[in-house]
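In full-length UniProt numbering, the protein residues as written are 1 to 544. Positions of the beta carbon are idealized from the N, C-alpha and C atoms, including for glycine. This report concerns only the one structure given below.
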Amino acid sequence: GLQAIRCPPGLYFDIEAQTCNWKDQVNNCNKKNKDRRAKPLLATEEPICQEDYLACGDTTCIPRKQFCDGTEQCADGSDEASCGLYFDIEAQTCNWKDQVNNCNKKNKDRRAKPLLATEEPICQEDYLACGDTTCIPRKQFCDGTEQCADGSDEASCDINNDPNRAPVCNPEICTIPECFCSLDGTAVPGNLDPQKIPQMVTLTFDDAVNVANIELYNEIFNGQRVNPNGCGMKATFFVSHKYTNYSAVQDMHRRGHEIASHSITRITWPVEIPHVFQGSSSVMALSNVLMAQMRLPVVSGFCLHFGMDINNDPNRAPVCNPEICTIPECFCSLDGTAVPGNLDPQKIPQMVTLTFDDAVNVANIELYNEIFNGQRVNPNGCGMKATFFVSHKYTNYSAVQDMHRRGHEIASHSITHTNNETFWSHASIDDWAREMAGSRIIIEKFANITDNSVVGLRAPYLRVGGNNQFTMMEEQAFLYDSTVTAPLTNPPLWPYTLYFRMPHACYGNLQNCPTRSHAVWEMVMNELDMREDPTFDESLPGQF
């Protein structure tokens, strides 16, 4: 009867579990209806129990904290009867019941929108209108703090609507080496012929450098893996402070790897996405930072994300203008594929960068030593190098120091490497400064890196921090970010400066991309699609 209808041949329906299973696992074949569990009495006209206690289905009172803890304390089991996930209408996601405070709402509140486009101007010059026609300074729109009474100044802040957004790429004023941009991110710096540009692969590592990974890094960078010029390959370590061994970081930096910032605390934030940004202040004054010479660091990489549109910030950056964005200070192109310097793509050698994220320690240093073993060289005979994005946690800074000494780049990857990914998407300027500028200070101190070469960073989990992240980078004199991922494209995108608008969609699952102009280079990461490569012998469901 029921089993034959509901289950495949050989399986029986478990009325309690509401699923099909093997016969010896089903003990309720004689039942036709699922037992209805008693429900707790959580909403009554008059309270049944004292404060911090709740009523079971039989009116027995037990401590609130014993409800939904996985163990039945009520005689009728009602304390564990309503413990699934609940839908948070505001966050648009499911969560545990005690984290959802809007179960009585059926519709998400619609935030007021600013009055940015009206037939007649409402406000004076350099002021914009809130949804209630109140005028506030333009610069206060989309700055992370609600100044409009109706919150409308923070309600429409994607890349197409932010009134303070960065301009579109202008290759005329954004020129290499100080700047590079393109309209879609695919323009080749220098206008080189894409067919003649060598493949470039970057190695980056996030989080702490310590005993858990330093042997791996040593195995990777064992001196035997070199670039075509004979130089050993290097990586970028985005170092977070927590658990980092700074002697290991110092060693990585000494060996020529790049050390970049990856936060100090790596704080674990609550599950829900925060809706209010914190106040901010700089870790150090910009005047106290020795600016590194503007250059194109060897840093890039690959990852898989899901697409997201970023074209609604009214303050967004302008479209690329190649006439004013000229190398070396600036580079941009309309689609990101323009070659810097108008070089012939067919004549550009393949460039591969190596970057490594997280801690450098005994767990990976041997791998790095194996990779950078001196036998892998670039065409010029120099050994290949990498950039290590070092996180503090678990990092051995003597190993980082050695990597730097050997010529690898060391970059920041935070101190704490906070496990909650949404923390990085919505962190305040102050949070970013503590994590990344703080991580750089730690790296420089404990890895004894004194040449001001820690100029790059990568956010943990590749979670872009929006305008707050890049504002911090300007204030703290970071040269480049290597967090943003570009959609799969052929040809791939070149690095670009963020004086102008990103030349590609904000790619990733709920990523928070920058919308305004920032004096920062983006070493964009391109996806690597191996599905049609006949030399790749692994079966892949997609690209990575």
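- For GLY336, no alpha helix (DSSP H) encloses it; the enclosing beta strand (DSSP E) starts and ends at 336 to 340.
- When the beta-carbon positions are compared, CYS130 and CYS142 stay at least 7 Å from each other.
- Counting only runs of 3 or more residues that sit fully inside the region 116 to 181, the beta strand (DSSP E) segments are 127 to 129, 135 to 137, 162 to 165, 173 to 175, in chain order.
- Fully enclosed alpha helix (DSSP H) runs of no fewer than 4 residues occupy 214 to 220, 246 to 252 of the region 195 to 278, in order along the chain.
- Taking 7 Å as the cut-off, the beta carbon of LEU493 is found no closer than this to the beta carbon of ILE348.
- Excluding residues up to 5 positions away in sequence, ILE365, GLU366, LEU367, TYR368, ASN369, GLU370 lie with their Cβ nearer than 7 Å to the Cβ of ASN218 in the same chain.
- Sequence-distant Cβ neighbours of GLN350 in its own chain, meaning closer than 6 Å and more than five residues away, are PRO198, GLN199.
- PHE67: not part of any alpha helix (DSSP H); DSSP gives it neither H nor E.
- Rounded to the nearest whole angstrom, the C-alpha separation of CYS330 and PRO171 is 7 Å.
- Straight-line spacing of the CA atoms in LYS23 and LEU54 works out to 39 Å.
- Residue range 421 to 426 is occupied by the alpha helix (DSSP H) that includes THR422, with no beta strand (DSSP E) assigned at that position.
- Note on geometry: alpha-carbon atoms of THR471 and CYS332 lie some 19 Å from one another.
- Assignment of THR471 by DSSP, reduced to helix, strand and coil, places it in the helix class.
- Across the set SER398, GLN469, GLN346, the C-alpha of GLN469 shows the shortest separation from the C-alpha of TRP424.
- In this chain, the beta strand (DSSP E) harbouring LEU54 covers 53 to 55.
- Assignment of VAL400 by DSSP, reduced to helix, strand and coil, places it in the helix class.
- In this structure, DSSP gives TRP494 a state outside helix and strand, which the three-state scheme calls coil.
- Boundaries of the alpha helix (DSSP H) around PHE446: 438 to 446.
- Note that the C-beta distance between ARG458 and SER482 is below 7 Å.
- If you look at GLU370, you'll find it in the alpha helix (DSSP H) that goes 365 to 371.
- DSSP places ILE429 in the uninterrupted alpha helix (DSSP H) bounded by 429 to 432.
- For TYR499, there is no enclosing beta strand (DSSP E), as DSSP marks it with neither H nor E.
- One thing to note: HIS253 has its Cβ within 7 Å of the Cβ of ALA447.
- Excluding residues up to 5 positions away in sequence, GLY131, SER152, ALA155, SER156 lie with their Cβ nearer than 7 Å to the Cβ of LYS113 in the same chain.
- Leaving aside the five residues that flank MET473 on each side, the residues in its chain whose CB is nearer than 6 Å to its CB run, in chain order, VAL520.
- Within its own chain, the residues whose Cβ lies closer than 6 Å to the Cβ of ILE62, once the five positions on either side in sequence are excluded, are GLN73, listed in chain order.
- When secondary structure is reduced to three states using DSSP, PRO47 falls in the coil class, being assigned neither helix nor strand.
- By the Cβ neighbour-count rule, GLN346 is exposed, with fewer than 16 other Cβ atoms within 10 Å of its own.
- Here PRO460 carries a helix assignment [DSSP, helix/strand/coil].
- With fewer than 16 other Cβ atoms from the protein chains shown falling within 10 Å of its own Cβ, THR133 counts as exposed.
- When ILE176, GLU444, VAL339, GLN25 are compared, the shortest CA-CA separation from SER391 is found for GLU444.
- In this structure, the beta-carbon distance from ARG405 to ASP162 does not fall below 7 Å.
- Looking only at GLY381, VAL201, ASN28, GLN224, the smallest Cα-Cα distance to ALA235 is reached by VAL201.
- Separation of the CB atoms of SER412 and SER261 is rounded to 2 Å, and the pair is thereby assigned contact status at 8 Å.
- Put simply, the backbone Cα of SER263 is about 53 Å away from that of ASN27.
- Judged by DSSP secondary structure, THR355 falls within the beta strand (DSSP E) whose first and last residues are 355 to 358.
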